[in-house]
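Start counting the sequence shown at 838; every next residue gets the next number (our numbering). Even glycine gets a Cβ: it sits at the ideal position worked out from N, Cα and C. Worksheet for the structure shown next.
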Amino acid sequence: MLTQKMIQRLNEQVNLEMYSSNIYLAMSAWCANNGLHGSAKFLKDHSKEELSHAYKLFDYINETGAIATIDTIGKPDSDFKDLKDVFEKTYKHELLVSKSILELVDVALSEKDYATFNFLQWYVSEQHEEEKLFKDILDKFEVIGMEGRGLFMIDREIASLVQ
Ligand code: OFO
C-alpha cells in the first residue's frame, strides 16, 4: 500500500511525463513546419514514448489500490531558434526528469516503500538511456555542424534513430 506522500509524488510524475510528451509533440510540429521531417518524426515518436512512461506509472498507482489523478498539464514552448535549440531543450528537460525520478527514489526509500523503490529502477535506467540519446544528438551538431548540407545530414541522422 502506498503512503499519501508516495501517491502524491507518483501522480506528479505522471503529470511530468505527460508534459514531456506534449513538449516533444510541440517540438515535432515546429520541426515539420520548418521542413525538418526526420526530426519531426523522431520527436513525435518520442512523444508517444513519454506517454507510455506516464501510463506505466498510472497503472502502478491504480494497481496498488490508490487512484491516479490527472491534473492540468503545462503549456509547452512552441517556438525555437533553430534545430540545435530544440535539442538543447530536450537534453535540459531530460536532466530535469532524471532529477525528479531520483527524488522519487529518495521518497520511496524514506517511506520504506521497497516495492515502489523496485518499480522505479526501470525509470532510473530509462533516464540514463534518454540522457545518452539526447546527448548523442547534441554531439552531432558539434561534429557535423549546421552549415550548408549539415542541417539536412543531421535531420537524416536523427530520423535514423526512430525504432
Ligand atoms: Fe524522456 O523520459 Fe520519460 O521518464
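Worksheet item: Would you call the segment 851-871 and the segment 906-914 touching, i.e. three or more CB-CB distances under 8 Å?
Response: Of all C-beta pairs linking the segment 851-871 to the segment 906-914, three or more are shorter than 8 Å, placing the two stretches in contact.
Worksheet item: According to the neighbour-count rule (16 or more other Cβ atoms, all chains shown, within 10 Å of its Cβ), is residue 959 buried or exposed?
Response: With fewer than 16 Cβ atoms within 10 Å of its Cβ, residue 959 is classed as exposed.
Discussion item. Any heavy atom of the ligand OFO closer than 6 Å to the beta-carbon of residue 965?
Written reply: Annotation for residue 965 indicates a beta carbon at 6 Å or more from all heavy atoms of the ligand OFO.
Worksheet item: Taking buried to mean at least 16 other C-beta atoms within 10 Å of its own C-beta, is residue 995 buried or exposed?
Response: Only buried fits residue 995, as 16 or more other CB atoms lie within 10 angstroms of its CB.
Discussion item. What does the alpha-carbon distance come out to for the pair residue 934 and residue 928?
Written reply: When the Cα atoms are used, residue 934 and residue 928 turn out to be separated by approximately 10 Å.
Worksheet item: In whole angstroms, what separates the C-alpha of residue 947 from that of residue 889?
Response: Within the model, the alpha-carbon separation for residue 947 versus residue 889 is close to 27 Å.
Worksheet item: What's the C-alpha gap between residue 951 and residue 897?
Response: Inter-residue distance for residue 951 and residue 897 is about 14 Å (C-alpha atoms, whole angstroms).
Worksheet entry | Limits of the alpha helix (DSSP H) - the one that residue 992 falls within | Bounds of the alpha helix (DSSP H) holding residue 992 are 987-996.
Discussion item. Can you list, in chain order, the residues of its chain with a C-beta nearer than 8 Å to that of residue 842? Leave out the 5 residues immediately preceding and following it.
Written reply: So the list reads 944 and 948, once near-sequence residues are dropped.
Worksheet item: Less than 6 Å between the CB of residue 857 and some heavy atom of the ligand OFO, yes or no?
Response: Distances taken from the Cβ of residue 857 to the heavy atoms of the ligand OFO include one shorter than 6 Å.
Item to complete: Whole angstroms is fine: what's the gap from residue 885's alpha carbon to residue 838's?
Response: The C-alpha of residue 838 is placed about 29 Å away from the C-alpha of residue 885.
Worksheet item: Taking all protein chains shown into account, do 16 or more other C-beta atoms lie within 10 angstroms of the C-beta of residue 907, making it buried, or fewer, making it exposed?
Response: So residue 907 counts as exposed.
Worksheet item: Applying the criterion that 16 or more other CB atoms from any shown protein chain within 10 Å of the CB defines a buried residue, is residue 904 buried or exposed?
Response: With fewer than 16 Cβ atoms within 10 Å of its Cβ, residue 904 is classed as exposed.
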